[in-house]
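As they're listed, the protein sequences go chains A and B.
Under our numbering, the first residue of the first sequence is numbered 1, with each subsequent residue one higher.
Under our numbering, the first residue of the second sequence is numbered 149, with each subsequent residue one higher.
Here's the structure, in C-alpha cells; my notes come after.
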Amino acid sequence: MGRILSLLLLFVVLAATIVSAADESAGSLRKKKGDVLIERQGHILKAEDGTSVYPNDTVSTGANSSVGIIFEDNSRISLGSNSRLELKQFVFEPARRQFSMVNELIKGTASFISGKMTKLSPDSVILETPSATIGVRGTTYHVMVRED
Amino acid sequence: MHEILYTAGKSGHAMSCGGIVFVLLLLLFASGCATIKDTVVLVQDADGKVGQLTVANNGGSKTLTVPNTMIEVTGSEKSPSDPKQIDQSKIDVLFAESIDAWPAEPVIFLFYFLHNSTDLVTESKSDIVEVISAVNKRKFYEISIVGHTDTTGTDEHNMGLSNARAEAVRDALIAQGIRSDRINLRYHGKWDPIVPTGDNVSEPRNRVVEVVVK
C-alpha cells in the first residue's frame, strides 16, 4: 500500500514538473498599439500588455500597430507595423547552463536590445530572416525584412 | 538569375546573338539594383557599448562591428553586402515605429543578505519601498525575483538558499500590496553570480536577490 502511494506521489510530482516546464513563458508584451495578434498552436489570440509569450508563438502586427516584448533575460524586442516575428526557441536556465534564443523576423521592422543571455553565453542568440541568419553578440540593432 | 532569364523569355526574345547581348545587358542592370530584402543595422547600446552582428547565408558571411553601419541582403543565395554607413536620421525614420514600442528599461534592485541566511542586511530593508515606488510609476508592471548565492558550499545547498532568499523578498513585496500573479520567481544558486568569482569564494555581493521591475 505504502509503495503504491509513493509511486502515486512520484507520478504527481513528475506531472507537476512537466506542467511547470511547459508553463515557462519566454516573456511578455508591453506598449501594445493597434492590432496585435499571437498565433499559438493553430489558435489566434488577442494580445494585451502583460500577455505572456511562449516558444513557437508568432507575434504579428497590423497597419499602424506596434508592440514590444520583454524577455525573461531582460532582452527587449519591438515590432513596427505589418510585422511578423516567430519565437522559435527560448531557453534561459543559468543553473543548468542552458541558453538559447532563436527568433525569426518573417517580415516588417524590428528593434532589439540584448539582455543577460548574450552576456552569459555569447553564441546563443540568433535572429533569422527568410534570407539570412544573424548571430548577435550583445548589442542594440534594427532589422527590416521586405516581402517578395 | 532565374528572374532575369524569365523576363527575357517573357518579352519574346529568342536566344539569338542579339538575345544574349540583351540578357547580358539585363544582368549588368540587375546587378546594380538587386532588390534589397533585409537591412540589418548595428547601433550603440544606451550605455555606449557596441556589440557585434554576423549576417550569414548560403552566399557568405559579413560582420558589423561599427555603430551606424548596415549590411543589406538581397537573397538567401547571394552574399550579404559589405558594411556601409547609415545616417542616424535615416535609422530614426526607418525604425520609428519599433523604436517607439521598445519596452521601458527594466529597473533592477539588489537585496543583500547575511552570510548563509535569509535575513536581509540592514541597508537593504528599506529598498522594498523603492520597489513599490518604481511599480507605481509604470502603466503596467511585472516583477521578476531571482535568488543568488556566493560560491561557498555545495550546489544543492545554494539552490535551496537562493530559493529561500527569493521567497523572503517575494513575501515582503506581497505584504506591501504587490499582486502575486505579477511576480515571477526564479533561483539560480551559485551559477549566476552578480559578481563573477571562482568556486568557494565568500563574496557578500553575491548573497543577493535581484528584483527587476519591468
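No residue lacks a Cβ here, since even glycine has one placed at the ideal position from N, Cα and C.
No experiment lies behind these values; they were computed from the predicted model shown.
Can you give me the C-alpha to C-alpha distance between residue i and residue j, rounded to a whole angstrom?
i: Val-221 of chain B; j: Ser-28 of chain A; result: 30 Å
i: Glu-93 of chain A; j: Ala-182 of chain B; result: 43 Å
i: Gln-233 of chain B; j: Val-188 of chain B; result: 12 Å
i: Trp-339 of chain B; j: Ile-77 of chain A; result: 26 Å
i: Ile-106 of chain A; j: Ala-63 of chain A; result: 16 Å
i: Gly-308 of chain B; j: Val-349 of chain B; result: 18 Å
i: Arg-96 of chain A; j: Lys-238 of chain B; result: 42 Å
i: Gln-200 of chain B; j: Val-145 of chain A; result: 19 Å
i: Glu-86 of chain A; j: Pro-231 of chain B; result: 26 Å
i: Ile-331 of chain B; j: Gly-196 of chain B; result: 31 Å
i: Glu-358 of chain B; j: Val-255 of chain B; result: 10 Å
i: Asp-240 of chain B; j: Tyr-141 of chain A; result: 12 Å
i: Asn-306 of chain B; j: Leu-120 of chain A; result: 19 Å
i: Val-191 of chain B; j: Trp-250 of chain B; result: 15 Å
i: Asp-298 of chain B; j: Asp-347 of chain B; result: 9 Å
i: Asn-284 of chain B; j: Ala-316 of chain B; result: 22 Å
i: Gly-208 of chain B; j: Tyr-54 of chain A; result: 32 Å
i: Asn-216 of chain B; j: Val-198 of chain B; result: 10 Å
i: Leu-268 of chain B; j: Ala-320 of chain B; result: 11 Å
So, at 8 Å on beta carbons, what are the nonlocal neighbours of residue i in its own chain, with the 5 sequence-adjacent residues on each side left out?
i: Gly-135 of chain A; result: Asp-123, Val-125, Ile-126
In the DSSP assignment, find the unbroken beta strand (DSSP E) run with residue i in it and report its ends.
i: Gly-68 of chain A; result: 66 to 71
i: Asn-332 of chain B; result: 331 to 335
i: His-142 of chain A; result: 140 to 145
Drop a sphere of 10 angstroms on the beta-carbon of residue i, count the other beta-carbons inside from all chains shown, and report buried for 16 or more, exposed for fewer.
i: His-263 of chain B; result: exposed
i: Val-277 of chain B; result: exposed
i: Val-214 of chain B; result: exposed
i: His-43 of chain A; result: exposed
i: Thr-61 of chain A; result: buried
i: Ala-110 of chain A; result: buried
Could you please give the first and the last residue of the uninterrupted alpha helix (DSSP H) stretch that includes residue i?
i: Ile-342 of chain B; result: First-last for Ile-342 of chain B: undefined, no H or E at that position.
Contact check, residue i vs residue j under 8 Å by CB: the rounded distance?
i: Ala-282 of chain B; j: Val-361 of chain B; result: 5 Å
i: Glu-104 of chain A; j: Thr-129 of chain A; result: 7 Å
i: Arg-134 of chain B; j: Gly-295 of chain B; result: Residue 134 of chain B is absent from the structure shown; chain B starts at 149 and stops at 362.
i: Leu-212 of chain B; j: Val-356 of chain B; result: With a Cβ gap of about 35 Å, Leu-212 of chain B and Val-356 of chain B do not count as contacting.
Leaving out five residues before and five after residue i in sequence, what residues of the same chain have Cβ atoms less than 6 Å from its Cβ?
i: Pro-228 of chain B; result: Val-203, Lys-210, Ile-219, Val-221
i: Arg-334 of chain B; result: Val-294
Could you name the residues of the same chain whose beta carbon sits closer than 7 Å to that of residue i, not counting the 5 residues immediately before and after it, in chain order?
i: Met-117 of chain A; result: Asp-73, Ser-75, Phe-92, Phe-99, Met-101, Ser-124, Val-125
Could one say the Cβ of residue i lies closer than 8 Å to chain D's Cβ atoms, at least one of them?
i: Met-144 of chain A; result: The chain inventory of the structure shown lacks chain D, comprising the protein chains A and B.
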